[in-house]
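> Residue numbers (the numbering used here): 4 to 159.
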């Protein structure tokens with residue numbers, strides 16, 4: 004088996020274009036400059052494509068939707084602050100929210116959910132982490148963030 008990374012990186016488009024011309028084989032021309040894609044030629048009829056950059060594109064897209072308040076379907080009310088979010092993102096990142104939204108709990112149907120046991124700043128940090136994989140951790144907030152991550156069953 005030939006791995007694309009041995010000679011360059013090819014995009015899905017490179018492979019599709021090449022496969023229309025002849026049986027699957029690594030392109031002989033210059034590979035695309037897009038990084039993170041991996042093509043494994045399994046045989047002349049089949050190739051396995053792994054776009055490792057897609058998850059980052061999706062993550063950035065979901066964060067943009069959150070910031071723009073687009074397609075959000077739940078509001079988390081923490082102290083006096085409200086956070087518009089996507090149930091599917093919360094459920095994917097947190098067993099706490101998965102149980103809340105995927106079982107027959109009243110919160111499954113509510114637009115606004117009051118969250119207790121965490122302050123707004125800590126919730127903001129956790130939501131940033133959930134949507135971006137980045138969080139600002141300081142000596143002052145580390146204990147609160149870890150406790151909240153434990154409460155919401157989020158791995159950090």
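Quick reminder that beta carbons are idealized off the backbone N, C-alpha and C, glycines included.
The model shown is predicted, which means the values in this text are computed figures rather than measured ones.
#1: Entirely within the stretch 40 to 100 and at least 3 residues each: give me those beta strand (DSSP E) ranges in chain order.
#2: Residue 109 to residue 78, Cα distance in whole Å?
#3: With residue 94 and residue 105 assumed to form a contact (beta carbons below 8 Å), what rounded beta-carbon distance in angstroms separates them?
#4: With distances taken from CA atoms, which of 52, 102, 92, 84 is nearest residue 134?
#5: Rounded to whole angstroms, what is the Cα-Cα separation between residue 46 and residue 96?
#6: Where does residue 107 sit, in a helix, a strand or coil, going by DSSP?
#7: I need the straight-line Cα distance from residue 43 to residue 55, nearest angstrom please.
#8: Which residues in the same chain as residue 9 place their Cβ atom closer than 7 Å to its Cβ, once the five residues preceding and following it in sequence are excluded?
#9: Just the C-alpha distance for residue 129 and residue 86, rounded to the nearest angstrom, thanks.
#10: Give every residue of the same chain whose Cβ lies closer than 6 Å to the Cβ of residue 151, excluding the five residues on either side of it in the sequence, and list them in chain order.
#11: What does DSSP give as the partner residue(s) for residue 117 in the beta ladder?
#12: Considering only the beta carbon of each residue, do residue 123 and residue 82 sit closer than 7 Å?
#13: Would you say the beta carbon of residue 140 comes nearer than 6 Å to a heavy atom of the ligand FAD?
#14: In this structure, does DSSP put residue 127 in helix, strand or coil?
With the structure as the only source:
#1: For the stretch 40 to 100, whole beta strand (DSSP E) runs of length 3 or above, ordered along the chain, are 40 to 46, 49 to 54, 77 to 81, 84 to 88.
#2: 14 Å
#3: About 6 Å separates the two Cβ atoms, so the contact holds.
#4: 92
#5: The straight-line gap separating the alpha-carbon atoms of residue 46 and residue 96 is approximately 37 Å.
#6: coil
#7: 13 Å
#8: Residue placement at residue 9 cannot be trusted, given a pLDDT of 44 that sits under 50; what the coordinates show is reported in the next sentence. There are no such residues.
#9: Distance from the CA atom of residue 129 to the CA atom of residue 86, rounded to whole angstroms, is 11 Å.
#10: 121, 125, 129
#11: Under DSSP, the beta-bridge partners assigned to residue 117 are 80.
#12: yes
#13: Annotation note on the ligand FAD: not contained in the displayed structure, which lists no ligands.
#14: helix
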